[in-house]
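To keep things clear, I will list the structure first and then write my remarks on it.
Written as C-alpha cells, this is what we have:
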C-alpha cells in the first residue's frame, strides 16, 4: 500500500457530503486529511474518526473531535444512536470482511435525515477487464484497483446492491476519474453492445440514506 495512503485528501468526495452536515463520522479517516477539508468548509462541524492504524489515528487527533483507534466493527456499539448527519467511507468498504453488516449496524447511528457517503473502486474498469479477459492475469498490487488488501470487489451494479441489501436507498451513484477507452477496446465494446461509460470510471461515489 502506498506511503501516502493515510494522508491523501479526497477533494473530489467533498461535494457528496451535505454542506449542512453538522456531525460527521469518517470511517477509516487516516491522518484526517478529508476531515480537515470538512473543517475548512464549516468550522462548526463536529468530526469523529475511526482509524485502526495507530500512527494515522495519532495524526488525526489534531483534526477530529473524537478518534477511535480500532476497527469499525469493534467500536460501533460505542457510537451514540441517532447522532450523525453523515457517515463517510472513502475507499474503506472494500477492505471489510462484512461491509453489509457494518452498514446495517451504522443505520441506527444516523439521524433520520442522515446519509452515508462512500467511494468505491470499480472492478469493471477497462484496465481490469483487459487484464483478466485478454491477458488472463489477476496480479495484486500495492495500491489501486487490485490493492492486495482489498477483500471485496464491486461493479456499479453491485455497489447499489450492497447498500440496498443493507436497507439503504441509493440517492446518488456517480462515476469518478473518467478515462478514455483505448480505441481497440472501445471498438470491441461497441461490437459486443457493452455499456462503456462504466468502464471509464476508476471509482464511483455513492450517497445512500436509510430506508424508512
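Numbering (this note's numbering), first residue to last: 104 to 315.
From the three backbone atoms N, C-alpha and C, an ideal C-beta is built for every residue, glycine too.
Cα-Cα separation between residue i and residue j, rounded to whole angstroms
{"i": "residue 147", "j": "residue 221", "result": "23 Å"}
{"i": "residue 105", "j": "residue 246", "result": "Interpretation of residue 105 is limited by its pLDDT of 46, a score under 50 that renders its predicted location unreliable; the figure taken from the coordinates is listed afterwards. Residue 105 and residue 246: Cα-Cα distance of roughly 6 Å."}
{"i": "residue 294", "j": "residue 301", "result": "For residue 294, the predicted structure reports a pLDDT of 46, less than 50, and the residue's modelled location is therefore unreliable. A value from the coordinates is still provided. If I take the Cα positions, the gap works out to 16 Å."}
{"i": "residue 189", "j": "residue 130", "result": "11 Å"}
{"i": "residue 269", "j": "residue 199", "result": "14 Å"}
{"i": "residue 261", "j": "residue 312", "result": "17 Å"}
{"i": "residue 187", "j": "residue 140", "result": "18 Å"}
{"i": "residue 166", "j": "residue 159", "result": "11 Å"}
{"i": "residue 175", "j": "residue 204", "result": "11 Å"}
{"i": "residue 111", "j": "residue 223", "result": "15 Å"}
{"i": "residue 250", "j": "residue 225", "result": "12 Å"}
{"i": "residue 218", "j": "residue 244", "result": "32 Å"}
{"i": "residue 132", "j": "residue 155", "result": "9 Å"}
{"i": "residue 296", "j": "residue 207", "result": "Its pLDDT being 44, under 50, residue 296 is placed unreliably by the model, and the measurement read from it follows with that caveat. Whole-angstrom Cα-Cα distance: 36 Å."}
{"i": "residue 119", "j": "residue 254", "result": "25 Å"}
{"i": "residue 134", "j": "residue 264", "result": "30 Å"}
{"i": "residue 211", "j": "residue 242", "result": "39 Å"}
{"i": "residue 209", "j": "residue 193", "result": "15 Å"}
{"i": "residue 128", "j": "residue 122", "result": "14 Å"}
{"i": "residue 277", "j": "residue 173", "result": "30 Å"}
{"i": "residue 216", "j": "residue 315", "result": "10 Å"}
{"i": "residue 113", "j": "residue 259", "result": "20 Å"}
For residue i: DSSP bridge partner residues
{"i": "residue 313", "result": "271"}
{"i": "residue 257", "result": "225"}
{"i": "residue 199", "result": "Partner(s): none; residue 199 has no beta bridge."}
{"i": "residue 218", "result": "189"}
{"i": "residue 308", "result": "222, 277"}
{"i": "residue 250", "result": "244"}
Simplified DSSP state of residue i, which is helix, strand or coil
{"i": "residue 277", "result": "strand"}
{"i": "residue 223", "result": "strand"}
{"i": "residue 265", "result": "helix"}
{"i": "residue 303", "result": "helix"}
{"i": "residue 210", "result": "helix"}
Reference residue i, options the options, closest by Cα
{"i": "residue 124", "options": "138, 112, 115", "result": "138"}
{"i": "residue 184", "options": "122, 120, 214", "result": "214"}
{"i": "residue 116", "options": "314, 308, 257", "result": "308"}
{"i": "residue 136", "options": "118, 152, 276", "result": "152"}
{"i": "residue 257", "options": "171, 212, 197", "result": "197"}
{"i": "residue 142", "options": "303, 168, 306", "result": "168"}
{"i": "residue 323", "options": "163, 280, 274", "result": "The displayed coordinates of the chain run from 104 to 315. Any statement about residue 323 would go beyond what the structure contains."}
{"i": "residue 149", "options": "157, 126, 195", "result": "126"}
> Where are the alpha helix (DSSP H) runs, 4 residues long or more, that stay fully inside the stretch 118–196, in chain order?
Replying inline: Taking only runs of at least 4 residues, the alpha helix (DSSP H) segments lying wholly in the stretch 118–196 are 136–144, 157–163, 175–178.
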